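Numbered according to the UniProt record's numbering, the sequence shown spans residues 1 to 122.
Note that CB positions come from ideal geometry on N, CA and C, so glycine has one too.
Being a predicted model, the structure only gives us computed values, none of them experimental.
Working notes, beginning with the structure itself.
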Amino acid sequence: MKRTGHVARTEAELLRAKLNEEVILQETLHQEVARVTTEAEQQHNSLHAQVRELETQMGHLESKSVGDCSIEKYHDNYLANYLDVLKTLKVQGGLGIVLEDDEGAEEDGEKEATGKMLVRPR
């Protein structure tokens with residue numbers, strides 16, 4: 001009977017050791033799951049922040065694009081109006097600034113300023 005008691009104690013100690021291992025393993029798994037979950041939440045938040053930043057940048061680019069189109073339209077109209085004013089001044093003989101064709105500009109003693117804009121020396 002002494003031997004049976006010794007075997008029972010040994011089996012009980014083995015069961016306790018196995019239970020302790022399982023508890024330790026369970027705690028380790030729980031800690032690993034918590035760590036991975038925290039890491040995933042951080043990555044999720046980081047990705048959401050990047051998406052918001054990209055949305056903001058896209059909004060600025062879309063706004064700038066619309067603004068650029070408006071500026072180009074205004075600029076084209078402004079340039080056309082400016083050229084009309086220069087043509088009118090030429091007809092009225094004002095300011096000595098005229099638009100000329102490339103040929104004949106040098107013959108009249110005019111100096112070329114930029115493109116087809118010519119300035120008469122005074």
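Length of the line joining the Cα atoms of residue i and residue j
| i | j | result |
| --- | --- | --- |
| His48 | Leu29 | 28 Å |
| Glu32 | Ala12 | 30 Å |
| Glu100 | Ser65 | Residue confidence is low: Glu100 scores 49 on pLDDT, short of 50, so the model does not pin down where it sits. Its coordinate-derived value is still stated next. Answer to the nearest angstrom: the Cα atoms are 36 Å apart. |
| Glu39 | Asn45 | 10 Å |
| Glu21 | Arg35 | 21 Å |
| residue 195 | Leu19 | With the chain represented from 1 up to 122, any question about residue 195 goes unanswered, as that position is not in the structure. |
| Gln50 | Arg16 | 51 Å |
| Val98 | His60 | Legend: pLDDT at Val98 = 47, less than 50; position of this residue unreliable, no value from coordinates given. |
| Leu95 | Ser63 | Confidence at Leu95 is low in this model, with a pLDDT of 49, below 50, so its placement is unreliable and the value that follows should be read with caution. Their Cα atoms are separated by approximately 40 Å. |
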